[in-house]
Structure formats: C-alpha cells, structure tokens
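What follows is a single structure, written as structure tokens, with notes after it.
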Amino acid sequence: MSTLATLRNHCHWKAAGLLVPGLLLCTALPASADRIERHFKVEAHPVVTIHNPNGTVTVRAWTKSDVMVIAKRATTEVEVDAEQTGNRVDVQTRQVADTASPEDLRTDFEISVPEDAELQIHNDSGGVNVSNVLGDMNVETIAAGVDLEDTAGYLTVKTVGGAFQCLRCAGRLEVSSISGNFKLIDLRSYYVRAQTSEGNILFNGSFLPNATYVLKNYSGAIEVRFSPGDSFDLSATSLKGKVHNEANLTPSSHHHFIPRFGNALFGSYNSGRARVELNSFDGTINILKRN
Amino acid sequence: MSTIGCNEFLKQFAAWMEGERAPDARAHVRECARCRGLVEDMDAIRQTAGAWAAEEVDPPARVWVSLRAQLEQQGLIHREVHAEEPSRTERPRSWFAGIFTVVPRPALAGAYLLALIAGSFALTGPSAKQLNESRWISGTQDSTGTMSAQLQTAERDSISAMAGSDPVVTASLHDNLAIVDNYIALCEKSVREEPENEIARDYLYDAYEQKADLLAQMTERGVNGR
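Top line first, the protein sequences correspond to chains A and B. Going by my numbering, the first sequence opens with residue 1, and the numbers climb by one from there. Going by my numbering, the second sequence opens with residue 1001, and the numbers climb by one from there.
Take a look at the structure:
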C-alpha cells in the first residue's frame, strides 16, 4: 500500500477540535481509491447530513464522541466530500465526470455516530438503514427503501417508491410515500402519521395510551393488529373498499364525524385511551387480533 | 437574439429578481419558454411570500381574483366584498433576496404549486356545503381547473428537466407520477358521480398536492443533474 493510500485510510482528524472553526475537507483522492475513512470529533447533539444519490447508507450509533464515515465507491468517477463545520458533519458524493454511468457513481456508506446525533439523509436509489440513533431524523428518498430500528426523536421519512420499515421506533413518526409499503412494528411512538398512495400499511404492536395513530392510503391494504390489553378509540373509513374488524367495539364517547359515503366503523376498544384513525380511498382496512 | 444560455441566465437570476435586467437576460427570457416560466413562477411566489411574511398564508393575488370571480358568479358573495388589499402583496426587496439565497428554486416552485392548491381549496369550505349538485361539480371543477393547468405546465418542464438523469430514479418518478395521475382520475370520477362527497374531494386535493410535490422533486433532480 502506498504511503498516500495509508494516510488516506487512516486519516484521523481527532486533533481538529470544535474550538478550531473552519472546514475540514478531504477530497481530491487518487484514482485507485475505493474505500475512504474519515473521523470527526463532535460534541453532544451533533448534526450529520448525508447526501448520496446512488448506493446504500447505513448509520449506526456508537458510544464514542466521534462521527466515523466509511465510504466505498464503485469508481473514481464519483468523489466523496466530508466536511465539518462546528458540530455539524456534512457528507456527500459528487459526480466528477459527465460521462459516468449511474453504476459508476454508486457509493455505499457506513457511518457511526453518537446516539444523540441528528440525521438528515438524502438517498435516491440504494437504501437507508439506521439503528439505535435517538436524535431527530429526516430521510428523503426516491426509490430507496428506508429501515429504521430502535430509533427515537422526531422522525420524518418521505419516499416516492421506496418501502419503509420501522422497528421499535419511539418519539414522533411522520412517513409519506406514493407507492412504498410500510411496516410499523412494535412502535413506542406517541404520534404516528403514515400516508402512502398505493402501498400497504401494516401496524403490528401495542397502542400506547394517549398516543395518536393516523394511517391513510388510496388503495392497498391497511392492516392493524391489536392485543387484548390495548385501549383505543377507533375511526376506520374506506370510501370504496371494505372494513374488516375483529375488535369488540363499544360506542365511542368521543364525537365522530359520520360520513355519508363509504364504509365506516367507529367505536372504542376497552377504555379508548389511544386514538386510531384509519382511512382509505378504495383499499381494504383490516383490524385484526394480534397472534 | 439572445447571446446567453439557460445556465448563464440562472447565474444572473438573483440579480434579475432584484430588478437588474441586462439586455442579454431580457432577450433570453423572451426566447426561452422555460426560463420565462421560471420568472413568472417566481413573481407569483414573491407575491405569495409577502403574505407568509405577515404570518398569514394566502395564495397569489390572481388566485384571489379568480376565487372572487367564481364566488360572485355562484352568487355566494357580492361585488362589494373585496379580496385582500394589494398592498399586502408588496414587500421589501431584501426579504425576497434573503429567501432566494437559502431556498432552492425547485422547492420554491413546489411551494408555489402548493400555495396555488391551498388557494383553490378555499372554495370548498363549509359555506359550499349548501350548494346543489351542479354547483358542487361546477365549484370543484373551477377550483381544480387552475391548478390542473399549472400542473400540466409543470409536468412538461419537469419531464424535460429529467433528461439524462439516473434511469432507475427517472423510471421510479415516472411510474409514481402515473400512479398519482391515476388516482387523480379516479377521484375526479368519484367527485363527478357523488358531487357532495367531501371525502372524495379531500382525496382529490391530496392527490393534486402529491403531484405538485412529485413534480418539484423531479425538477430538482433534473436541475441537479442527477
């Protein structure tokens, strides 16, 4: 390995503390580079932005006060820029040559951040995986799927066609898509708003007391699975589709707007502590017992 | 005859919006439909933004004019009911200069479309519930007509802007645009069949909003060369 490559792969900027304002820029890598590693020393609640049009983005929390960026790029037609400004780290890929094909531009990122980091991720195609990060998060993709696991904070996710899965997410969750399917598993969120046009939505987990869940689509299926111990006030309306219900509902003490059109179902399960709204244009809504 | 291209014009665009209009830039705007459309959109956004600055969300002035005309035509209001004062749409130049430097053009274009939709939806408030079916249909068609035309223009621009972008991303955007168009058609059909169905109209408006958002994303991808 050349000296330059060795330096590149072990480029640590731990000495570049936050008291030193300015820009840390690592670009202009030699043509042979395919793996790039960078380290940035950060304080509490750092902001990390990742802009990677093509390739996967994997973000994990660790216990260090560092942000570590490992980039694996397909070719040297794409450049990786990573810079720190104060307590913010910006990572992005940049096309070097106009003649490069999309595959040439593919870059996969593995990024480790403190668990209280705030993330902003843009990824058109590839995929986004985030686990154990507890800060606020904004993820936007086109075709890329998004998987979140054990995350918290204010989570906003927007895809065009990418699927979304959230496992044990807490905090507040807002997700929207046009054709992406959603899987919301064992959430601990007190507010969930999920809207997809053509995709299916699966909610499988407990309804937290005083939490709000709003699930909406145009077509496809909305499936909600409940446990005997859950307590929720339900409003389910499908304008053109059907509503199947296995919950033993009692008339709700809450006022509901009764629509004149479509198939609607209202009522409380147990004491009705959580608020659940399910809406579809011509999709099927299933309220099923949890296995 | 223009001596500059689109890229060069875009470099001068901030100055253009501040009133500095070089002869070459003027010539380019006259000859380039895309840049002319951009200028028109930004002018409309500038008007809308004044209302935002006053912490009230209002659609562009021309939407108010259109709405007032429709409401008058339907007998819901009379001539003496005035729209917002024009002075509200006038704002210091510095405000716009500030926002222009931080908000990308496609985002502003999308914001404009969304503002247009919001304005159009104002027609469908509680007062409209008393209308008979024909008025419901007429009102909905009128309220969606403007935005539908705007979206068609935006769609043409967005699709041309996407040329040369990542084929996977382009295909996904086109596929999803078709999905949204299909829902718009389904919702319009539903509204025609059941004019008083408020839920159908809500879904229709949501679909229009989705389309505006999607077109803004397509334009952004195209402008960014991805």
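Here a beta-carbon is modelled for each residue, glycine too, at the ideal position from N, C-alpha and C.
Cβ separation of residue i and residue j, assumed to be a contact under 8 Å, to the nearest whole Å
i: residue 170(A); j: residue 211(A); result: Actually they are not in contact, since the Cβ atoms of residue 170(A) and residue 211(A) sit about 11 Å apart, beyond 8 Å.
i: residue 100(A); j: residue 78(A); result: 7 Å
i: residue 1188(B); j: residue 1204(B); result: 6 Å
i: residue 134(A); j: residue 152(A); result: 4 Å
i: residue 1007(B); j: residue 179(A); result: That belief does not hold up - the Cβ atoms of residue 1007(B) and residue 179(A) are roughly 34 Å apart, past 8 Å.
i: residue 54(A); j: residue 102(A); result: 6 Å
i: residue 188(A); j: residue 168(A); result: 6 Å
Residue closest to residue i, alpha-carbon to alpha-carbon, out of the options
i: residue 205(A); options: 190(A), 185(A), 213(A); result: 185(A)
i: residue 88(A); options: 155(A), 44(A), 174(A); result: 44(A)
i: residue 221(A); options: 195(A), 234(A), 98(A); result: 195(A)
i: residue 219(A); options: 136(A), 278(A), 271(A); result: 278(A)
i: residue 159(A); options: 136(A), 118(A), 128(A), 132(A); result: 128(A)
i: residue 183(A); options: 201(A), 172(A), 92(A); result: 201(A)
i: residue 1003(B); options: 1017(B), 1032(B), 1016(B); result: 1032(B)
i: residue 1208(B); options: 1198(B), 1185(B), 1195(B); result: 1185(B)
i: residue 37(A); options: 199(A), 69(A), 59(A); result: 69(A)
i: residue 117(A); options: 64(A), 142(A), 199(A), 252(A); result: 64(A)
i: residue 1043(B); options: 1028(B), 1016(B), 1027(B); result: 1016(B)
i: residue 176(A); options: 1027(B), 1206(B), 1218(B); result: 1206(B)
i: residue 141(A); options: 1156(B), 1157(B), 1169(B); result: 1169(B)
i: residue 76(A); options: 251(A), 62(A), 96(A), 181(A); result: 96(A)
i: residue 217(A); options: 181(A), 276(A), 60(A); result: 181(A)
i: residue 1217(B); options: 265(A), 58(A), 199(A), 143(A); result: 143(A)
i: residue 208(A); options: 84(A), 86(A), 276(A); result: 276(A)
i: residue 60(A); options: 132(A), 71(A), 237(A); result: 132(A)
i: residue 71(A); options: 85(A), 106(A), 84(A); result: 106(A)
Separation of residue j from residue i, as counted between CA atoms
i: residue 232(A); j: residue 1191(B); result: 32 Å
i: residue 229(A); j: residue 190(A); result: 17 Å
i: residue 130(A); j: residue 149(A); result: 6 Å
i: residue 239(A); j: residue 263(A); result: 6 Å
i: residue 82(A); j: residue 225(A); result: 43 Å
i: residue 110(A); j: residue 1025(B); result: 45 Å
i: residue 1213(B); j: residue 197(A); result: 13 Å
i: residue 1014(B); j: residue 1039(B); result: 11 Å
i: residue 93(A); j: residue 215(A); result: 35 Å
i: residue 146(A); j: residue 280(A); result: 23 Å
i: residue 1228(B); j: residue 271(A); result: Because chain B spans 1001 through 1226 in this model, residue 1228(B) falls outside it and cannot be assessed.
i: residue 1075(B); j: residue 1211(B); result: With a pLDDT of 45 at residue 1075(B), under the threshold of 50, the predicted position of this residue should be treated as unreliable, and no value is reported.
i: residue 1215(B); j: residue 1167(B); result: 16 Å
i: residue 269(A); j: residue 246(A); result: 11 Å
i: residue 28(A); j: residue 1199(B); result: For residue 28(A), the predicted structure reports a pLDDT of 39, less than 50, and the residue's modelled location is therefore unreliable. A value from the coordinates is still provided. Near 55 Å, if we compare the C-alpha coordinates of residue 1199(B) and residue 28(A).
i: residue 1045(B); j: residue 166(A); result: 37 Å
i: residue 120(A); j: residue 104(A); result: 24 Å
i: residue 288(A); j: residue 154(A); result: 28 Å
i: residue 1093(B); j: residue 1180(B); result: Bear in mind that a pLDDT of 37 at residue 1093(B), under 50, signals an unreliable position, so the model cannot answer this.
i: residue 1022(B); j: residue 1009(B); result: 10 Å
i: residue 285(A); j: residue 161(A); result: 21 Å
i: residue 282(A); j: residue 241(A); result: 4 Å
i: residue 1036(B); j: residue 1030(B); result: 7 Å
i: residue 1193(B); j: residue 1202(B); result: 15 Å
i: residue 112(A); j: residue 1149(B); result: 47 Å
i: residue 249(A); j: residue 1183(B); result: 32 Å
i: residue 1041(B); j: residue 1151(B); result: 12 Å
i: residue 1155(B); j: residue 265(A); result: 38 Å
i: residue 174(A); j: residue 157(A); result: 6 Å
i: residue 1101(B); j: residue 1012(B); result: The predicted model places residue 1101(B) with a pLDDT of 40, which falls under 50 and marks its position as unreliable; any figure quoted below should be read in that light. Each residue's alpha carbon lies about 13 Å from the other.
i: residue 1098(B); j: residue 125(A); result: In this prediction, residue 1098(B) scores a pLDDT of 39, lower than 50, which makes its location untrustworthy; the coordinate-derived value is nonetheless stated afterwards. Rounded to the nearest angstrom, the two C-alpha atoms are 33 Å apart.
i: residue 1171(B); j: residue 58(A); result: 24 Å
i: residue 84(A); j: residue 1219(B); result: 29 Å
Sub-7 Å separation of residue i and residue j beta-carbons
i: residue 108(A); j: residue 56(A); result: yes
i: residue 52(A); j: residue 123(A); result: yes
i: residue 227(A); j: residue 290(A); result: yes
i: residue 213(A); j: residue 192(A); result: yes
i: residue 98(A); j: residue 73(A); result: no
i: residue 40(A); j: residue 1197(B); result: no
i: residue 42(A); j: residue 67(A); result: yes
Partners in chain D for residue i, counting only beta-carbon separations shorter than 8 Å
i: residue 1167(B); result: The structure shown contains no chain D; its protein chains are A and B.
Point to revise | Near-chain B residues of the region 50-62 of chain A - C-beta to any C-beta below 9 Å | key: Cβ contacts with chain B come from 53, 54.
Check your understanding: Residues in the region 184-202 of chain A with C-beta within 7 Å of chain B's C-beta atoms, listed in sequence order?
Key -> Residues of the region 184-202 of chain A that bring their beta carbon within less than 7 Å of a beta carbon in chain B comprise 197, 198, in sequence order.
Check your understanding: If you measure beta-carbon to beta-carbon, which residues of the region 1178-1204 of chain B are closer than 8 Å to chain A?
Key -> Closer than 8 Å at the C-beta level to chain A, one finds these residues of the region 1178-1204 of chain B: 1179, 1180, 1183, 1186, 1187, 1190, 1194, 1196, 1197, 1198, 1199, 1200, 1203.
Check your understanding: Going along the chain, which residues of the region 153-176 of chain A sit with their C-beta nearer than 7 Å to a C-beta in chain B?
Key -> Listed by position, the residues of the region 153-176 of chain A near chain B (Cβ gap below 7 Å) are 160, 161.
Review point. Using a beta-carbon distance cut-off of less than 7 Å, what residues from the region 101-133 of chain A approach chain B?
Key: Against chain B - using a Cβ distance shorter than 7 Å - the residues of the region 101-133 of chain A are 102, 124, 125.
Practice item. Could you please tell me which residues of the region 259-289 of chain A, in chain order, have their CB closer than 7 Å to any CB of chain B? Key: Here the close residues are 259, 261, 262, 281.
Exercise for review: Mind checking the region 134-145 of chain A against chain B and listing, in chain order, the residues whose C-beta falls within less than 8 Å of any C-beta there?
Suggested key: Flagged, chain order: 142, 143.
Check your understanding: What residues in the region 1209-1220 of chain B bring their beta carbon closer than 8 Å to a beta carbon of chain A?
Key -> Answer in chain order: 1210, 1214, 1217.
Exercise for review: Quick one: which residues of the region 224-245 of chain A get their C-beta closer than 8 Å to a C-beta of chain B? List them in chain order.
Suggested key: Residues of the region 224-245 of chain A that bring their beta carbon within less than 8 Å of a beta carbon in chain B comprise 237, 239, 240, in sequence order.
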